[in-house]
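Have a look at the structure below, then the notes.
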Amino acid sequence: MKRHSMPEMKEGGVNVTPLIDIVMCLIIFFMLVAKIGVSTGAEAMDIPESILGVKIEDMGNTLTLNVRPGGGDQPYITALVDGKQQELKLWEPRPGGQISSPFLEVLKRFRKQNKDFKVIIRGDKEMPYRYLEPVLLKCAEANVKNVNFNTKIGSTTAG
Amino acid sequence: MKMNASKKVHYDSGPNMTPLVDVVMVILIFLMLAGSFGGAEHYMVSNIPFKEKGVGGQAAPKGMIPDEPLDIRVDSTADRWVAQVGRLRASDVPTLTSQLRKMRQDLNSTGKKTDNIQVVISPGKNVKYDYLIGVYQAALEAEFTKISFATAH
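Protein sequence lines, in the order shown, are assigned to chains A and B. Position 28 (the first sequence) corresponds to 28 in the numbering used here; numbering is contiguous. Position 76 (the second sequence) corresponds to 76 in the numbering used here; numbering is contiguous.
Here you go:
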């Protein structure tokens, strides 16, 4: 009588099951944690550290200002305005000898559109106060009452 | 001649996972490159109050009682800062915090509410932003609620 033997088992290559498990976990983690396509206009710079601070959940009412020392006494300010990252000059000469402030105009426009409008200041930590002062003055002039200083969560601060 | 193909061993290794692994790896790399994390930063809030001079330079409404001012003068050298509040001086955040907290408690004991005390940070024009954040934090830690910056001295 002919006996049927079991089919011969053969190793099917590298077992990828643990790899898929880990990769799937990583994908789910990144999908939950990462922010994709959300841009506030914040640029990479060395901002100060602070222990105290709050999170702003609703970034829809905010304008993030990247403030760096500029040429002369004017700070170099950039922000995401109308979907475009652009430089906002504190003052610039206009034809006819007049001086305009594109920065102030933007602040006033945002303030008019939204009563809860907030400004977020991302300043270079080495920046002298003379560059920050006119930014705060223009915010006050535009009647922006809520100014937030963006800082890194740290365990120490200067001094 | 015997054909080798007839002796091929058939085994069932389940569904082919290779395309799945390919796609999943592409998604993973995309998310790692395109994603950004917002967990390492936070914000120090300032509601710029009414002030006759300085940054919040708006006229106070009629009938409004002005807040008790508490001026912090900040000066700095290349690598350190000094904050002066009245006769007290501090050059680090913990010392300034304890001095400001003591002042707040003294003012509270005389009947001044914290909400009616206006802390005004008055920095020199070359004081670094980093130092000012330290002073601002000291005022927040001392539980002051109204803190603003004034024009540079």
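We treat Cβ as the ideally placed atom computed from N, Cα and C, and that holds for glycine.
Please name the residue, chosen from B:Asn126, B:Val127, B:Lys128, B:Thr114, that lies closest to B:Leu140 on a Cα-to-Cα basis. B:Thr114
To which residues does DSSP link A:Ala79 through a beta bridge? A:Gln86
Burial state of A:Cys25, where buried means 16 or more other Cβ atoms lie within 10 Å: exposed
With DSSP as the reference, label A:Ile56 as helix, strand or coil. coil
Are the CB atoms of A:Lys145 and A:Phe103 nearer to each other than 9 Å? no
Does the segment 121 to 134 of chain B come into contact with the segment 109 to 116 of chain A, if we say contact requires no fewer than three beta-carbon pairs (one atom in each stretch) closer than 8 Å? no
Kindly confirm or deny that the segment 27 to 37 of chain B and the segment 80 to 87 of chain B touch, where touching means at least three C-beta pairs closer than 8 Å. no
Residue ranges of each beta strand (DSSP E) within the segment 67 to 100 of chain B, 3 or longer: 68 to 76, 81 to 85, 88 to 90
Alpha carbon to alpha carbon, how far is A:Gly71 from B:Val135? Give it in angstroms, no decimals. 27 Å
Strictly below 9 Å CB to CB, what residues from chain B border A:Asn148? Tyr43, Met44, Val45, Ser46
Under 9 Å, Cβ to Cβ, is there at least one residue of chain A near B:Asp67? no
Own chain partners of A:Ala44 with C-beta closer than 6 Å, once the 5 adjacent residues on each side are dropped: none
Would B:Pro123 count as contacting chain A if we go by Cβ distances under 9 Å? yes
Please name the residue, chosen from A:Lys118, A:Asp46, A:Leu90, that lies closest to A:Glu57 on a Cα-to-Cα basis. A:Lys118
Residues that A:Asp82 contacts on chain B, provided the C-beta gap is smaller than 9 Å: Those do not exist, as A:Asp82 stays about 22 Å from chain B at its closest Cβ, beyond 9 Å.
Could you check if A:Pro95 is buried or exposed, using at least 16 other CB atoms within 10 Å of its CB as the buried criterion? exposed
Going along chain A in order, which residues have a C-beta closer than 7 Å to the C-beta of B:Thr151? Glu133
Any chain A beta carbon closer than 9 Å to B:Asn108: no
Burial state of A:Gly154, where buried means 16 or more other Cβ atoms lie within 10 Å: exposed
Give me the Cα-Cα distance between A:Thr62 and A:Val81, rounded to the nearest whole angstrom. 11 Å
Under the three-state DSSP convention, the category A:Thr64 falls into: strand
For a test of the three-state rule: what should DSSP assign to B:Val158, helix, strand or coil? No answer is possible for residue 158 of chain B: the residues shown for chain B start at 1 and end at 153.
How should B:Gln118 be labelled, buried or exposed, when 16 other C-beta atoms within 10 angstroms of its C-beta is the threshold for buried? buried
Classify B:His42 as buried or exposed, calling it buried when 16 or more other Cβ atoms lie within 10 Å of its own Cβ. buried
Quick one: complete alpha helix (DSSP H) runs, 4+ long, within the segment 85 to 114 of chain A? 102 to 113
How is B:Pro19 classed by DSSP in three states: helix, strand or coil? helix
C-beta neighbour in chain B for A:Ile153, strict 9 Å: yes
Beta-carbon separation of B:Ser122 and B:Arg73 under 9 Å? yes
A:Asn143 to A:Val54, Cα distance in whole Å? 22 Å
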